[in-house]
Amino acid sequence: MKKLRANLEELFNNHAKNLENIKNANIIIPYEFFNSLKAGNVFYAEGLNCYLFGLSNSAVTVIVKCFEIALKQKYRVEEKGECIKKMKKGTRNCNLNELIDWADKWLGNKKELAHGFRILRNLIHEEKEIENKDALEAIRHVSKFLNLLWPFEGHNERIVCEKCKNEINLTGNKEKFYIGNVIPIDCNNCGETIQFLVYPHICPKPVVSFTYQERRNSEI
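Mind the numbering: the sequence shown is residues 1434 to 1653 in the working numbering, read in order.
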């Protein structure tokens, strides 16, 4: 029982420390990617949860899998002709390295992105135990690329006040929605202040991201 208690304490201590680390990294949640591919939300959140509890090897495995299915989805949409050619040749899917090469080219072969792609390529072929800081780097770069491949400007989150059950809409630009950020919100019904933790929860409800042009059009 003492050993179990010690293990649980270690897990929760890891969670608190790693949540602070990821908060300081200012990683914006890729909400528009979640809209494009619902399973992406599940893979992304599971990878993040593994990192928070100190399971670095599992975190990288899942977050890289998330990146792979994201790139396959984007490739199919952007390169329909190439997909048809591959189907005829019997090679329907590219491997992950080929998909990363394609994404690098599609994003313009920018020098500032090369470092992130190189880190992910190295992690794919890593045969030793992955350190916690490397898992954080994987999450940071995957999130960055997902937000470049599926850009958005703002996000709307529906929050329910626990005191009076009133539904509140929290809307803001994407910079506000980085993992671990705590946003205080005053309930317009009972006045209770809610401390909303920005986190990619696994849930069945759709996320709502937008460009500001889309938002203006909806308000006209």
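Even for Gly, the Cβ is constructed at its ideal location relative to N, Cα and C.
For clarity, every value in this text was computed on a predicted model and none was experimentally measured.
DSSP places Val1631 in the coil class of the three-state scheme, outside both helix and strand. Residue pairing of Glu1590 in beta bridges, as defined by DSSP: Leu1603.
For Ile1460, the three-state secondary structure derived from DSSP is coil.
Per DSSP, the unbroken alpha helix (DSSP H) holding Ile1533 starts and ends at 1529–1539.
In the three-state scheme derived from DSSP, where H, G and I count as helix and E and B as strand, Ile1563 is classed as coil. Between the stretch 1491–1503 and the stretch 1566–1580 there are three or more inter-stretch CB-CB distances shorter than 8 Å, so the stretches are counted as touching. Counting along the chain, the unbroken beta strand (DSSP E) around Ile1618 starts and ends at 1615–1619. Put simply, the stretch 1528–1540 does not touch the stretch 1445–1454. Fewer than three CB pairs are less than 8 Å apart. Taking the C-beta atoms as reference points, Val1615 is found no nearer than 7 Å to Leu1603.
With a cutoff of 7 Å on beta-carbon distance, Asn1446 and Phe1486 are scored as not near each other. Per the coordinates, the alpha-carbon of Glu1608 lies some 23 Å from the alpha-carbon of Lys1544.
When the beta-carbon positions are compared, Cys1620 and Asn1599 come within less than 7 Å of each other.
For Gly1480, the enclosing alpha helix (DSSP H) begins and ends at 1471–1485.
Looking at the DSSP output, Thr1626 sits in a beta bridge with Asp1619. The beta carbons of Ile1563 and Phe1550 sit no closer together than 7 Å. For Ile1612, there is no enclosing alpha helix (DSSP H), since its DSSP letter is neither H nor E.
In this structure Ala1439 is exposed. Its beta-carbon is surrounded by fewer than 16 other beta-carbon atoms within 10 angstroms.
Note on geometry: alpha-carbon atoms of Leu1579 and Ile1601 lie some 28 Å from one another. C-alpha of Tyr1464 to C-alpha of Met1434: approximately 41 Å in a straight line.
Closest by C-alpha distance to Leu1553, out of Gln1628, Cys1483, Val1475, Ile1496, is Ile1496.
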